[in-house]
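Notes to accompany the following structure.
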């Protein structure tokens, strides 16, 4: 039943795309590990890390698109779910350091010793176990989304008001996480990680595995999203996006639909953040910055909202541009991002993926005209 | 109250003393109305008479400040929301055809089809044989078999009207509220619409809100005239159109 559910949503194009994502996730680590550095085909470790990061961003973009593109909820706070997943992973990674920290305390992470904590705060218990952290990575963002969505959707808060609330949420969390008494590392956040599941986070083999994990998570996210969107639930979901009150008059309880995708999307963003953190080696409150959430929305807009492939392509394109421009012309980047957003909104309302089908349908009509 | 209990046993829709005000303006004032099972009723009235507000009250979009609204002798509509009321069996057709443009014709009908509404059941459901048969039946009634896989956005205005009628058939409500069905239609289309409504009325109760007098005459059913939020007159078309108060309201002094 579940396999059928997961399979039914996958169109042929999407199957190929998921395969491509998995192929990248396997090929890059293999080319890094098995091809010696002297060979031209060798993939350097920094490349693994970069692609791994992009794959996590792509999963975040997919999460944003699931609520925005398919349900019309423009969330300007999805970075918060990403960061919460990241913090859960960060807590696990800090507890793996043990007595190898600067202060050598076997239980307390360095920042707690520095801040004169006598014992571990209650919410840190359990994070020494990976399975517990893995559950929290999904549960914590989901619970926040459930609480926010419950109140917002039941009170019929929609459109720009909902966007503002989500934006305020991530901003409030950022301010809260900046405080040292939150017990989560204050403005320094968490860094200096050593091990994940007993493997050194610095080792190339670990980076290779994390890059593969990122691809696997994205592939899984694509398959789950496709199943949800392709089901009868998905038809009702896009109908809610297009004509919410009409759906109510047909007898649909719209809140349930919105809440389900919002929570699912938050969980996906949380997983993305969790795999992201060991690859970049740090998590701090700036991940909650509203600008991050807005950037994720731009990735979706550029790639093509309301498609599943679009957000992945958008995340890769924009972030590749960011990596290139912040290196070559750092002062230009923000202007380029702004211009891009305006240009896409004006000229490519369906993003890069939409451009593809626009060109194709134009080609078809041109062909059709020839006989006449 | 005893009056209400007595009447609510037979009436399909029962409104008594319904008052709705927006910022001090009374859109409905002390409106009472009875619709019997199987009846088709036309409701007319000049702009601002409260026709749309009455529909909003019945479908749960607007809560009345005072008064009773009872459906089928048992359900208190003032306590329910849109989804509950729709599930009880009250359908609504809007003046402007509202179909789901990004869905195919068949999916539009599937969404409207009476039955599954809860999100967790729909996640794993696929259309049953019974549902598919019903969809095929409706597609043939509205003569849209050929367009069933076409996106609704690509339909003409007239086809959208037909699709919406198909959706109402799929929803299969006990009571159908129809808001200005012939606005912007040609005479021929108006006549066809009157026929379709009479056809639907064979198996459903219908309330039609309209201000096209020739259309209301063509329907040939009991007419209720609203004015400034309450009932002005009720009776056959000829009775109400001979009523001097109705003439005054419609023609002015």
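Chains as they are written, first to last, in the working numbering: chain U, 1 to 372; chain G, 1001 to 1253. Even for Gly, the Cβ is constructed at its ideal location relative to N, Cα and C.
Is the separation between the beta-carbon of residue i and that of residue j shorter than 8 Å?
{"i": "residue 123 of chain U", "j": "residue 92 of chain U", "result": "no"}
{"i": "residue 14 of chain U", "j": "residue 268 of chain U", "result": "no"}
{"i": "residue 1257 of chain G", "j": "residue 1194 of chain G", "result": "Nothing about residue 1257 of chain G can be read from this structure; chain G reaches only from 1001 to 1253."}
{"i": "residue 1082 of chain G", "j": "residue 1061 of chain G", "result": "yes"}
{"i": "residue 276 of chain U", "j": "residue 56 of chain U", "result": "yes"}
{"i": "residue 70 of chain U", "j": "residue 237 of chain U", "result": "yes"}
{"i": "residue 85 of chain U", "j": "residue 351 of chain U", "result": "no"}
{"i": "residue 1071 of chain G", "j": "residue 1139 of chain G", "result": "no"}
{"i": "residue 1148 of chain G", "j": "residue 1104 of chain G", "result": "yes"}
{"i": "residue 210 of chain U", "j": "residue 278 of chain U", "result": "yes"}
{"i": "residue 1215 of chain G", "j": "residue 1182 of chain G", "result": "yes"}
{"i": "residue 198 of chain U", "j": "residue 285 of chain U", "result": "no"}
{"i": "residue 304 of chain U", "j": "residue 261 of chain U", "result": "no"}
Bridge partners of residue i, per DSSP?
{"i": "residue 283 of chain U", "result": "U/190"}
{"i": "residue 1043 of chain G", "result": "G/1209, G/1224"}
{"i": "residue 1076 of chain G", "result": "G/1070"}
{"i": "residue 199 of chain U", "result": "U/196"}
{"i": "residue 1234 of chain G", "result": "G/1224"}
{"i": "residue 1179 of chain G", "result": "G/1209"}
{"i": "residue 1014 of chain G", "result": "G/1034, G/1070"}
{"i": "residue 1104 of chain G", "result": "G/1151"}
In this structure, does DSSP put residue i in helix, strand or coil?
{"i": "residue 1007 of chain G", "result": "Note that residue 1007 of chain G scores 46 on pLDDT, short of 50, meaning its location in the model is unreliable; the coordinates nonetheless yield the value given after this. DSSP places residue 1007 of chain G in helix when its eight states are reduced to three."}
{"i": "residue 73 of chain U", "result": "coil"}
{"i": "residue 1052 of chain G", "result": "helix"}
{"i": "residue 1092 of chain G", "result": "strand"}
{"i": "residue 1247 of chain G", "result": "helix"}
{"i": "residue 1099 of chain G", "result": "coil"}
{"i": "residue 326 of chain U", "result": "helix"}
{"i": "residue 107 of chain U", "result": "coil"}
{"i": "residue 252 of chain U", "result": "coil"}
{"i": "residue 1020 of chain G", "result": "strand"}
{"i": "residue 1164 of chain G", "result": "helix"}
{"i": "residue 1215 of chain G", "result": "helix"}
{"i": "residue 331 of chain U", "result": "helix"}
{"i": "residue 1026 of chain G", "result": "strand"}
{"i": "residue 57 of chain U", "result": "helix"}
{"i": "residue 274 of chain U", "result": "helix"}
{"i": "residue 241 of chain U", "result": "helix"}
{"i": "residue 1125 of chain G", "result": "coil"}
{"i": "residue 1157 of chain G", "result": "helix"}
{"i": "residue 339 of chain U", "result": "helix"}
{"i": "residue 223 of chain U", "result": "helix"}
{"i": "residue 1084 of chain G", "result": "helix"}
{"i": "residue 1253 of chain G", "result": "Only weak support is given to the placement of residue 1253 of chain G: the predicted model assigns it a pLDDT of 46, under 50, and the question is left unresolved by the model."}
{"i": "residue 268 of chain U", "result": "helix"}
{"i": "residue 258 of chain U", "result": "helix"}
So residue i packs on residue j, CB below 8 Å; how close in whole Å?
{"i": "residue 344 of chain U", "j": "residue 301 of chain U", "result": "5 Å"}
{"i": "residue 1175 of chain G", "j": "residue 1200 of chain G", "result": "That pair is no contact at about 11 Å."}
{"i": "residue 218 of chain U", "j": "residue 66 of chain U", "result": "Their Cβ separation, rounded to whole angstroms, is 13 Å, which puts residue 218 of chain U and residue 66 of chain U out of contact at 8 Å."}
{"i": "residue 144 of chain U", "j": "residue 82 of chain U", "result": "Not quite, the Cβ-Cβ distance comes to about 12 Å (not below 8 Å), so this is no contact."}
{"i": "residue 106 of chain U", "j": "residue 94 of chain U", "result": "So it is not a contact: roughly 13 Å between Cβ atoms."}
{"i": "residue 1027 of chain G", "j": "residue 1053 of chain G", "result": "4 Å"}
{"i": "residue 1111 of chain G", "j": "residue 250 of chain U", "result": "7 Å"}
{"i": "residue 311 of chain U", "j": "residue 320 of chain U", "result": "Wrong, their Cβ atoms sit about 15 Å apart, outside the cutoff."}
{"i": "residue 53 of chain U", "j": "residue 318 of chain U", "result": "Between residue 318 of chain U and residue 53 of chain U the Cβ distance is about 13 Å, and since that is not below 8 Å, they are no contact."}
{"i": "residue 1135 of chain G", "j": "residue 1109 of chain G", "result": "5 Å"}
{"i": "residue 1018 of chain G", "j": "residue 1067 of chain G", "result": "3 Å"}
{"i": "residue 1180 of chain G", "j": "residue 1095 of chain G", "result": "4 Å"}
{"i": "residue 1113 of chain G", "j": "residue 1125 of chain G", "result": "Contact flag wrong, Cβ pair sits at about 11 Å."}
{"i": "residue 1152 of chain G", "j": "residue 1101 of chain G", "result": "5 Å"}
Cutting at 7 Å between CB atoms, please list the residues of its own chain near residue i, excluding the five before and the five after it.
{"i": "residue 226 of chain U", "result": "9, 10, 14, 308"}
{"i": "residue 87 of chain U", "result": "184, 283"}
{"i": "residue 254 of chain U", "result": "240, 244, 247, 248"}
{"i": "residue 1130 of chain G", "result": "none"}
{"i": "residue 170 of chain U", "result": "77, 79, 80, 288, 290, 293"}
{"i": "residue 208 of chain U", "result": "29, 32, 33, 48"}
{"i": "residue 372 of chain U", "result": "Low confidence applies to residue 372 of chain U: its pLDDT is 36, below 50, so where it sits in the model is not reliable, and the reading given next is rough at best. Excluding positions up to five away in sequence, the list is empty."}
{"i": "residue 166 of chain U", "result": "75, 76, 77"}
By Cβ distance, which residues of its chain are closer than 6 Å to residue i, with the 5 residues on each side in sequence left out?
{"i": "residue 228 of chain U", "result": "234"}
{"i": "residue 1188 of chain G", "result": "none"}
{"i": "residue 1041 of chain G", "result": "1035, 1207, 1222"}
{"i": "residue 102 of chain U", "result": "110"}
{"i": "residue 1003 of chain G", "result": "The pLDDT assigned to residue 1003 of chain G is 46, lower than 50, so where the model puts this residue is not dependable; a value taken from the coordinates is nonetheless given after this. Answer for residue 1003 of chain G: no residue qualifies."}
{"i": "residue 35 of chain U", "result": "41, 42"}
Looking only at its chain, what residues have a beta carbon closer than 8 Å to the beta carbon of residue i, apart from the 5 residues adjacent to it on each side?
{"i": "residue 1031 of chain G", "result": "1015, 1017, 1018, 1019, 1050, 1054, 1067, 1226, 1229, 1230, 1231"}
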